[in-house]
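Chemist: In the numbering used here, the protein residues as written are 279 to 449.
Cβ atoms here follow ideal geometry from the backbone N, Cα and C, with glycine treated the same way.
Dumping the structure here so I can ask a few things about it.
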């Protein structure tokens, strides 16, 4: 409801009435002004919340080489041995805890042998004997999982963060 500006009720406010009516507004404004006028990291974040932030520690790596080989060697044959595959080689996998869209066939172990290399003891396939000498300088990711056995949705999941093509891609 609008009030007429010359209504005596709206014109004459004592200082006490003014503060009483607007106390919360001025308190919030005061807190906001303090944040706006402060310098430092909080001020920078407020100015641009999407600005990059400093990492909690100095990075050792200066460069990253992302090797994406669609159709390349299997992880099971290169840097990710699966000892359980030896147990099920040539046999049908127990599908009780296996999340797939269809029944799978027999399991096949890697035809290559693995040895542990470097201080880290990372197992590397015999295929990459010379690369194994540098294994402590590599970043090997073994934590990627997908609920679908098809390659294309998994590729999208790896490069876009979603199994459907609706997001920007890394590679």
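Between which two residues does the beta strand (DSSP E) harbouring residue 393 extend?
Modeler: The count along the chain shown starts at 1 and reaches residue 393 at position 115. Counted as a single uninterrupted DSSP element, the beta strand (DSSP E) harbouring residue 393 occupies residues 392-395.
Chemist: Looking at the structure shown, is residue 401 part of a helix, part of a strand, or coil, going by DSSP?
Modeler: Within the chain shown, the letter at position 123 stands for residue 401. Per DSSP, reduced to three states, the secondary structure at residue 401 is strand.
Chemist: Three-state secondary structure (DSSP) at residue 344?
Modeler: Here residue 344 refers to the residue found at position 66 of the chain shown. Coil, per DSSP.
Chemist: Is residue 423 helix, strand or coil by DSSP?
Modeler: In the chain shown, the residue the question calls residue 423 occupies position 145. Coil, per DSSP.
Chemist: Hey, residue 362 and residue 403: beta-carbon distance below 9 Å or not?
Modeler: Here residue 362 refers to the residue found at position 84 of the chain shown. Here residue 403 refers to the residue found at position 125 of the chain shown. Not a contact, by the Cβ cut-off of 9 Å.
Chemist: Would DSSP call residue 384 helix, strand or coil?
Modeler: Along the chain shown, one-based indexing puts residue 384 at 106. Three-state DSSP puts residue 384 in a strand.
Chemist: What separation, rounded to the nearest whole angstrom, lies between the Cα atoms of residue 336 and residue 429?
Modeler: Locating residue 336 in the chain shown gives position 58, where the first residue counts as 1. Locating residue 429 in the chain shown gives position 151, where the first residue counts as 1. Going by the C-alpha atoms only, they are around 36 Å apart.
Chemist: Compute the distance between the beta-carbons of residue 367 and residue 393, then report whether it is under 9 Å.
Modeler: Position 89 of the chain shown, counted from the first residue, corresponds to residue 367. Position 115 of the chain shown, counted from the first residue, corresponds to residue 393. No; because the gap between Cβ atoms is not below 9 Å, this pair is not in contact.
Chemist: Taking the DSSP output, what are the residues bridged to residue 367?
Modeler: Position 89 of the chain shown, counted from the first residue, corresponds to residue 367. DSSP output for residue 367 lists 385 as bridge partner(s).
Chemist: Taking residue 438 as part of the alpha helix (DSSP H), name the residues at either end of that continuous run.
Modeler: Sequence index remark: in the chain shown, residue 438 carries index 160 (1-based). 429-438 is the span of the alpha helix (DSSP H), which, as asked, contains residue 438.
Chemist: Give me the Cα-Cα distance between residue 372 and residue 421, rounded to the nearest whole angstrom.
Modeler: Sequence index remark: in the chain shown, residue 372 carries index 94 (1-based). Sequence index remark: in the chain shown, residue 421 carries index 143 (1-based). Whole-angstrom Cα-Cα distance: 22 Å.
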